[in-house]
Structure formats: C-alpha cells, structure tokens
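Following this note's numbering from start to finish, the sequence shown increments by one per residue and tops out at 1286. Beneath this line is the structure, given in structure tokens, with notes to follow.
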Amino acid sequence: MPEGPEIRRAADKIEAVLKDRVAEKVEFGLQPLKKYVKPLKGSNILALETRGKALLTHFDSGFTIYSHNQLYGVWRVVKRDKLPKTNRQLRLAIHTDNHSALLYSASDISVWKTQNIEEHPFLQRIGPDILNPDLSWRTVAERLQSKAFSGRALNSVYLDQAFLAGLGNYLRSEILFIAGINPAQKARDLSKGQVGKLARTTLEVSQRSYALEGVTLPERQYRTLKNQGVTYGKARFFVFGRARQPCRVCKTKIQRSTANSRRIYTCATCQPTESSLGN
Ligand SMILES: [Zn+2]
C-alpha cells in the first residue's frame, strides 16, 4: 500500500499537467456525475490536494472532485486524447490543451462545492495529512497527547489514519526508530521532551521520504552508502526490512516482529522499553 510520500509524488505527476490549466473537457464514467461536466468545463484547476489516500482536485469555479483509488484505481497522464489501450473502465478524464489526466477503475468519486468538502465522511474520519505544509510539530504533539491517542500503544497509533493521514508501515518503523521510541509505549508514558522529539521526527522523516523518493536516511548518509555500491533497496531505511542486520547506529541486530498484523522493525538498544530503562 502506498504511504503519504508515495501518494504525494504520484499526485505531483498529475498536478504537473493540470495545475493552472483550463479543463477544456471533463468526462465522467459514472452516470450520476455527468451533470457536473458543465460547471467544471472551462474552469481552471487550482491544485491537487492529497489527504491520505484521497485526492482532491480543486477548480476555480468553486468545485472539487473527490477521488479515492481504493485498491484498484489507477491514474494515467497522457498527451491530449492519446488514450492507452486498456480494458479498464474510464471513470474520470480531465483534458487540458496539451494533456489528459485519466482515472481508471476507481468507483469512489464525487463532486463537491469546495466550501463543503470537509463534510465528506472519509475526510471527517481522517487526521491532517503528514505532508500538509501547514501541519506543525506542535499540532502533532497535541494529537499524540490527546484523549483519543495518548493511551494507545504507538505501534497502533502510527498506522491509524485518524491520527495522521498518510502514515503507513515503513514510516511507522522508521519514525519510531529515529525518535528512539519503543513501539509498545504509549504517548502518555513519554516525557514532554520525548513527545516533542517524536512529533518533530514524524514530520521530518515524512518530508525527507517525499523529497528523497522513499529514503528515510539523512541524504548524506544515504549518498555515502550509495557511493559504496549499496543498492537503493538496501540503503534507504534504518530498520525497515533489515531483520538480523546490524543497527546503523549501534550495531545491535535489528528485530522483526508483528504489531497490529503488520511487520515492524526495531533496535532493542536504540528503542529501549520502559522496564529496560529502569523506571
Ligand atoms: Zn541501535
């Protein structure tokens, strides 16, 4: 499943051909949506916003197309009207003067007045997107300490889209490792300093993974490994997918375990449990 940084990079490719362009033609595959062709046609696309796995295409006519790919939806960007040969159902097509952005197979598509988009049931359920530039580490810290999340193990909170949209399995392992937090701990058991560090790390690692195309290591450290001939797959993470290999910080063997039915990777030395800290 794609996580926030991968979703945003996919959206960037679509946004690159749509943003500040006129939608010369808009098509919907689902009958109830066809009435929106008229209000959308001829208006400018302002931005593509990602909210977890939902994509919001904002138009300057005051409308927003909500789409969620679920497991099977797929976007394609092509030269105007050069539609690919496929058996998939075309569900949404936005054509500018030069390009066509095509959404196939997805069925979770709806059109909203932009001012009402927050009423969408999916958006009501999810937290702020981890890559939202307006999201501050203080807000993340407040959410960690809130009633809804402070009493739950962090390994569960860090997969919960209601906490922060866009979190996923590799980010969970990497963020908790870099912050030096054991995943079995709860936010309410952390010191104020630990909560702050975890909140800042959450944003830093997500933004770095977006900028470095899925790499959570600091750029210099990653480049050094690459220069030594280490592949992208083996150099990109601190702990995720590195079971039994030495920790990059302390050489302890990385452990793989399961939490919330998903694999999680930790270093017992860098991420001590409360009992091993003696409190
Ligand atoms: Zn370690």
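Quick reminder that beta carbons are idealized off the backbone N, C-alpha and C, glycines included. Small disclaimer: the values here were computed from a predicted structure and weren't measured.
Per DSSP, Lys1045 lies in no beta strand (DSSP E); the unbroken alpha helix (DSSP H) holding it starts and ends at Val1044 to Leu1047.
Straight-line spacing of the CA atoms in Arg1150 and Gly1248 works out to 28 angstroms. Partner residues in the beta bridge of Pro1253, as assigned by DSSP, are Lys1260.
The DSSP-derived three-state label of Ala1160 is strand. Residue state for Val1147 is assigned as helix, using DSSP reduced to three classes.
Between ligand 1 and Lys1258, a heavy atom-to-CB distance of less than 8 angstroms is present.
The C-beta separation of Arg1230 from Phe1245 comes to about 15 angstroms, leaving the pair out of contact by the 8 angstroms criterion. A straight-line Cα-Cα distance of about 7 angstroms links Arg1263 and Thr1273. Shown here, Asp1104 sits in coil according to DSSP, grouped into three states, outside any helix or strand.
Within 10 angstroms of the beta-carbon of Gln1122 lie fewer than 16 other beta-carbons, which makes it exposed. Taking each of Gln1228, Val1222, Lys1260 and Val1237 in turn and checking the Cα distance to Arg1243, the smallest one comes out for Val1222. Contact between the stretch 1125-1138 and the stretch 1094-1108 is absent: fewer than 3 CB-CB pairs across the two stretches fall below 8 angstroms.
With a beta-carbon spacing of about 5 angstroms, Gly1134 and Ala1169 fall inside the 8 angstroms limit used to define contacts. Between the alpha carbons of Leu1063 and Ser1153 lies a gap of roughly 28 angstroms. The beta carbon of Lys1089 is closer than 8 angstroms to those of Ser1107 in its chain, skipping five residues each way along the sequence. Residue environment: Leu1178 is assigned as buried (16 or more neighbouring CB atoms within 10 Å of its CB, all protein chains considered). About 4 angstroms separates the beta carbons of Gly1173 and Ile1137, which is inside the 8 angstroms limit, making them a contact pair. In the DSSP assignment, Tyr1177 falls within the alpha helix (DSSP H) that extends over Asn1176 to Ile1185. Boundaries for Asp1136: no alpha helix (DSSP H) harbours it, and the DSSP string shows neither H nor E there. Following the DSSP letters along the chain, one finds Asp1115 in no alpha helix (DSSP H) but inside the beta strand (DSSP E) bounded by residues Asp1115 to Lys1120. Relative to Ala1266, the option among Gln1214, Thr1276, Ala1148 and Leu1161 whose CA is nearest is Leu1161. Taking C-beta atoms under 8 angstroms as the contact rule, Ala1191 and Val1147 fail to qualify, at a distance of about 20 angstroms. DSSP, reduced to helix, strand and coil, places Val1222 outside both helices and strands of the structure shown, so it counts as coil. Comparing alpha carbon positions, the residue from Val1118, Arg1016 and Lys1026 closest to Glu1034 is Val1118. A contact between stretches requires three or more CB pairs, one per stretch, nearer than 8 angstroms, and the stretch 1066-1074 meets this requirement with the stretch 1042-1049.
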